[in-house]
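**Q** Per the working numbering, the sequence shown starts with residue 6, numbered consecutively. Glycine residues also receive a C-beta, built at the ideal position from the N, C-alpha and C atoms.
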Amino acid sequence: MRVEIPEIQAYTESLIPAESASKLSSRTSAEELGLGRISLSPSEGRLLSFMVRQQGGRKFVEIGTLTGLSAQYILEGLPGEGFLWTLEKNEAHALKAKEALAMHPAGSRAKIVIGDARVTLESLAAEGPFDGVFIDGNKAAYGDYLAWAERNIRCGGLIIADNVFLSGAVWGVPTAQKFSEKQIAIMQAFNKRLADSALYDCVIVPTSEGMTVAIKLT
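Listed below in structure tokens is the structure:
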């Protein structure tokens, strides 16, 4: 799904520290599962961590754990007392994430919640309101995830979402991965709602897959 420009990626990543053993473990696990292509790049991970750190929140939710790579970047952006709930439907993926997080110095401040996020999110509501959410799960459910965030993320909270371009499908480019008309319509509606300046202060960072960063205003 992720199509990088090699020269840009090589240059930017030459300027940042090498990833830790726990992050490399997550990458290796994703590759073994045949899903390495959908993991965040190191520069995207650093961007995620930076945005979480600048927002200063303490209670964060991630939708789509995969093998725990992005969870580690979020944890590194949270303060020492911060906590992350990370949601994953696939038990095999969650097991790999658990192994990687056990290697991370802040891994004990993350809880992996297994199950369909559209169900498990509701069980988390009692822990809220939350300071932010990273949305990187089932693309057909982005509208449901945003509806939950609007109910459970505090005013001034952070909403970050990956893959909002659907590899260009949202503006009509033919893509190698076939997205359904429903998926495309849902993502277009998702992007349009976050772009509503009455509701959010929002920007889309033009990474290869598109990453939305929004502050909830109401």
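1) When you compare only the Cα positions, how much space is there between residue 174 and residue 147?
2) Roughly how many angstroms lie between the CA atoms of residue 162 and residue 208, to the nearest whole one?
3) Would you kindly report the start and end of the unbroken beta strand (DSSP E) that includes residue 90?
4) Below 6 Å CB to CB, which residues in the same chain sit around residue 168 once its five sequence neighbours on both sides are set aside?
5) Can you list, in chain order, the residues of its chain whose CB lies under 8 Å from that of residue 180, leaving out five sequence neighbours each side?
6) Taking 7 Å as the limit between beta carbons, can you name the residues of its chain near residue 212, skipping five residues before and five after?
7) Tell me which residues share the same chain as residue 67 and place their Cβ nearer than 8 Å to its Cβ, disregarding the 5 neighbours each side in the sequence.
8) Suppose you measure from the CA of residue 40 to the CA of residue 131; what does that come to, to the nearest Å?
9) Measuring only the C-alpha atoms, how far is residue 186 from residue 144?
10) Determine the contact status of residue 28 and residue 105, defining contact as a CB-CB distance below 9 Å.
11) Using the beta-carbon count (16 or more within 10 Å), is residue 150 buried or exposed?
12) To the nearest angstrom, how far is it from the Cα of residue 117 to the Cα of residue 99?
**A** Taking the coordinates as given:
1) In the sequence shown, residue 174 corresponds to position 169, counting from 1. In the sequence shown, residue 147 corresponds to position 142, counting from 1. Each residue's alpha carbon lies about 15 Å from the other.
2) As a first step, residue 162 must be located in the sequence shown, where it is residue number 157. As a first step, residue 208 must be located in the sequence shown, where it is residue number 203. Their backbone Cα atoms lie some 14 Å apart in a straight line.
3) As a working mapping, residue 90 is identified with position 85 in the sequence shown. Start and end: 88-93.
4) Translated into the one-based positions of the sequence shown, residue 168 becomes position 163. Once the five neighbours on either side are set aside, the close Cβ partners of residue 168 are 214.
5) As a first step, residue 180 must be located in the sequence shown, where it is residue number 175. 171, 172, 173 and 174.
6) Counting from one through the sequence shown, the residue named residue 212 turns up at place 207. Excluding residues within five positions, the ones whose Cβ falls inside 7 Å are 49.
7) Position 62 of the sequence shown, counting from 1, holds the residue named residue 67. Closer than 8 Å at Cβ, skipping near neighbours: 75, 76, 79, 89, 90, 91, 92, 138, 139 and 141.
8) Looking up residue 40 in the sequence shown gives position 35. Looking up residue 131 in the sequence shown gives position 126. In a straight line, the C-alpha of residue 40 is about 33 Å away from that of residue 131.
9) In the sequence shown, residue 186 corresponds to position 181, counting from 1. In the sequence shown, residue 144 corresponds to position 139, counting from 1. Taking the straight line from one Cα to the other gives about 12 Å.
10) The residue given as residue 28 occupies position 23 in the sequence shown. The residue given as residue 105 occupies position 100 in the sequence shown. It is a contact, given that the beta carbons lie within the stated cut-off.
11) The residue labelled residue 150 in the question sits at position 145 within the sequence shown. Buried, because 16 or more other Cβ atoms sit within 10 Å of the Cβ of residue 150.
12) Locating residue 117 in the sequence shown gives position 112, where the first residue counts as 1. Locating residue 99 in the sequence shown gives position 94, where the first residue counts as 1. Going from the Cα of residue 117 to the Cα of residue 99 covers about 7 Å.
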